[in-house]
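Here the structure is laid out as structure tokens; the discussion comes afterwards.
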Amino acid sequence: MPTFFVVEDEFLVREVIQTELEDAGYEVVVAENADVAIGALEARSDIHLVFTDIDMPGRWMV
1 MPTFFVVEDE FLVREVIQTE LEDAGYEVVV AENADVAIGA LEARSDIHLV FTDIDMPGRW
61 MV
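All residue numbers for the sequence shown refer to the UniProt record's numbering, where the first residue is 1 and numbers rise by one.
Following this line, the structure appears as structure tokens:
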């Protein structure tokens, strides 16, 4: 099953997305900002899809 990576700065939005994906059977990794996300992406090779907020404060994830 694919692993989804959710990058979202708003806690409730992140939690809803994570819960829905996990209920559908997916493994989900979450991060609350770009710095945490970049670290996780560098550490993990099993991420299949990144689902990210496009308007977050801080570093850009381009």
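Yeah, the Cβ is synthetic: ideal placement off N, Cα and C, and Gly gets one too.
Worksheet entry | CB contact flag (A34, M56, <9 Å) | Closer than 9 Å, so yes.
query = Can you name, in chain order, every residue of its own chain whose Cβ lies under 6 Å from the Cβ of V50, other than the five neighbours on each side?
reply = If you ignore the 5 residues before and after V50, its C-beta comes within less than 6 Å of the C-beta of F5, all in its own chain and listed in chain order.
field: N-terminal and C-terminal residue of the beta strand (DSSP E) that A31 is part of
entry: Note, A31: beta strand (DSSP E), 27 to 31.
CA-CA distance, E20 and R14?
E20 and R14 have their C-alpha atoms roughly 10 Å apart.
Exercise for the section: Check the C-beta distance from H54 over to V29 and give it rounded, since I have them as a contact under 8 Å. Expected result: The amino acid occupying residue 54 in the given sequence is Ile; His does not appear at that position. With 8 Å as the limit, I54 and V29 do not qualify as a contact, their Cβ atoms being about 19 Å apart.
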